[in-house]
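In UniProt numbering, the protein residues as written are 246 to 614.
Heads up, the beta-carbon is just placed ideally off N, CA and C, and yes, glycines get one too.
If you're wondering where the values come from, they're calculated on a predicted model, not measured in any experiment.
This report refers to the structure that appears directly beneath it.
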Amino acid sequence: SQLEKGGFPHFMLKEIYEQPRTIIDCIRGRINPEGTDVILSGVRDHQDKFLKAGRIIIVACGTSWHAGLIGEHLIEELCRIPVEVEYASEFRYRNPVIRPNDIVITLSQSGETADTLAAVELARNSGAFIYGICNVIGSSIARATDSGSYIHVGPEIGVASTKAFTGQVTVLIMLALSVAKLKKSISPELYTTMLHDLQQIPQLMERVLKLDTEICDLAKIFTYAHNFIYLGRGYNYPVALEGALKLKEISYIHAEGYPAAEMKHGPIALIDSEMPVVAIATADSVYEKTISNIQEIKARRGKVIAIVTEGNEDVRKMVDYVIEIPRVDERLIPLVVSLPLQMLAYHIAVNKNRDVDRPRNLAKSVTVE
Ligand code: G6P
Numbered sequence: 246s247q248l249e250k251g252g253f254p255h256f257m258l259k260e261i262y263e264q265p266r267t268i269i270d271c272i273r274g275r276i277n278p279e280g281t282d283v284i285l286s287g288v289r290d291h292q293d294k295f296l297k298a299g300r301i302i303i304v305a306c307g308t309s310w311h312a313g314l315i316g317e318h319l320i321e322e323l324c325r326i327p328v329e330v331e332y333a334s335e336f337r338y339r340n341p342v343i344r345p346n347d348i349v350i351t352l353s354q355s356g357e358t359a360d361t362l363a364a365v366e367l368a369r370n371s372g373a374f375i376y377g378i379c380n381v382i383g384s385s386i387a388r389a390t391d392s393g394s395y396i397h398v399g400p401e402i403g404v405a406s407t408k409a410f411t412g413q414v415t416v417l418i419m420l421a422l423s424v425a426k427l428k429k430s431i432s433p434e435l436y437t438t439m440l441h442d443l444q445q446i447p448q449l450m451e452r453v454l455k456l457d458t459e460i461c462d463l464a465k466i467f468t469y470a471h472n473f474i475y476l477g478r479g480y481n482y483p484v485a486l487e488g489a490l491k492l493k494e495i496s497y498i499h500a501e502g503y504p505a506a507e508m509k510h511g512p513i514a515l516i517d518s519e520m521p522v523v524a525i526a527t528a529d530s531v532y533e534k535t536i537s538n539i540q541e542i543k544a545r546r547g548k549v550i551a552i553v554t555e556g557n558e559d560v561r562k563m564v565d566y567v568i569e570i571p572r573v574d575e576r577l578i579p580l581v582v583s584l585p586l587q588m589l590a591y592h593i594a595v596n597k598n599r600d601v602d603r604p605r606n607l608a609k610s611v612t613v614e
């Protein structure tokens, strides 16, 4: 009903706007009052498992799998533990190697996805420690795991996941920081910076939500596009995948996410003046590299919408449209940059009169194979 939507026309928009609040709920009780230390109880209670972990395997489906890819970057960079990310549906049928000192992390908003639950059951028999990151309290996957952390973002109704994704990424950031501190694999400076910036995220998200009118105008220009490409590198590569997934789920426009530098190995053949390209070119360690990828697109007359860090003037000269987001530590950029991508998909779908909250052929929770 209208009441449940809190005055918003769709649950999806309500859930996009809830994110500053849901991130606060997600970090509550996990960061000390001074804001100087973070620990997940699931990590604290099983320190030995994380200290002796030979490898971490992340299994999930859909949007949760995209969050898992960000988790891979975070855990490898900060904790120096090798990580693999697997689609649960593939993992469960390929007789994977799982060792007793591996940790299997599973991500699931609903906690009921059949393939993910089956992957967890498969891993149980191997003796690996299983850590669940779920939203729904008491769900099947939450119950089947040895330990875990809830994301605490509240019920997500829109089929296209928004606040659950940023909640999952937030838990993965806190998990990586907790484990890195235990392992002493992170510098005190980086630990402090990331923790400080994490606590700024709700405020930064509030600022990004103010871009709604600007993004709504941009959506009008691209409503009738037949294809879209989303590009990112590093921490933003999974964000590009997720941006493309949001658009295809709710607008039914064909969209692909790609690591920007891979374009030259095939997809660049698709670029002409009819091809909109959303390029994430924020201030991070791969910024310069991303810029040269954008130049390759512009040289072929692609229409580029770039997401940049505020104050950037160079990209503006190069591309067709620019969306500016506030500056934040590179590892936290996915939390901020996801919002304009969610809003862009939302407005395009609304312009096309799509059933935003209940897109055709999709289910919120896939409890069958
Ligand atoms: C379905 C939903 C997606 C979700 C995926 C995994 O396909 O439509 O939004 O990402 O399942 O769901 P889970 O509940 O396991 O995160």
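Can you have a look at residue i and say buried or exposed, based on whether 16 or more other CB atoms are within 10 angstroms of its CB?
i: Tyr275; result: For the record, residue 275 in the displayed sequence is Arg; it is not Tyr. By the 10 Å Cβ count, Arg275 comes out buried.
i: residue 238; result: No answer is possible for residue 238: the residues shown for the chain start at 246 and end at 614.
i: Glu335; result: exposed
i: Ser537; result: exposed
i: Leu420; result: buried
i: Lys297; result: exposed
i: Ala364; result: buried
i: Leu607; result: exposed
Mind checking whether the beta-carbon of residue i lies closer than 6 angstroms to any heavy atom of the ligand G6P?
i: Cys271; result: no
i: Thr361; result: yes
i: Ser392; result: no
i: residue 624; result: In the structure displayed, the chain extends from 246 to 614; residue 624 sits before or after that span and is not available.
i: Ser334; result: no
i: Leu607; result: yes
i: Thr437; result: no
i: Gln354; result: yes
i: Val611; result: yes
i: Val416; result: no
i: Ser406; result: yes
i: Thr358; result: yes
Taking 6 angstroms as the limit between beta carbons, can you name the residues of its chain near residue i, skipping five residues before and five after?
i: Ala489; result: Tyr475, Ala500, Glu501 and Gly502
i: Gly316; result: Ile303 and Leu417
i: Phe410; result: Thr308 and Ala312
i: Ala389; result: Val365
i: Leu314; result: Val330 and Pro483
Looking only at its chain, what residues have a beta carbon closer than 8 angstroms to the beta carbon of residue i, apart from the 5 residues adjacent to it on each side?
i: Ala590; result: Ala405, Gly488, Lys491, Leu492, Glu494, Ile495 and Ser496
i: Gly280; result: Leu440, His441 and Gln444
Can you find the residues in the same chain that come closer than 7 angstroms, C-beta to C-beta, to residue i, ignoring five residues on each side of it along the sequence?
i: Ser610; result: Ser355, Glu357 and Thr358
i: Val288; result: Phe295, Leu420, Ser423 and Val424
i: Asp360; result: Cys306, Ala333, Ser334, Arg337 and Glu614
i: residue 615; result: Nothing in the structure corresponds to residue 615, since the chain is present only between 246 and 614.
Task: Validate contact between the stretch 505-521 and the stretch 592-604 using beta carbons, cut 8 angstroms, 3 pairs - done: no
Task: the stretch 374-383 in contact with the stretch 560-579 per 3-pair CB rule at 8 angstroms - done: no
- [ ] Indicate whether the contact test is met: 3 or more Cβ pairs, each with one atom in the stretch 259-272 and one in the stretch 438-456, closer than 8 angstroms.
- [x] yes
Task: the stretch 542-561 in contact with the stretch 508-528 per 3-pair CB rule at 8 angstroms - done: yes
Task: At least 3 beta-carbon pairs within less than 8 angstroms: the stretch 381-401 vs the stretch 350-358 - done: yes
- [ ] Would you check if there are 3 or more beta carbon pairs closer than 8 angstroms linking the stretch 425-437 to the stretch 447-461?
- [x] no
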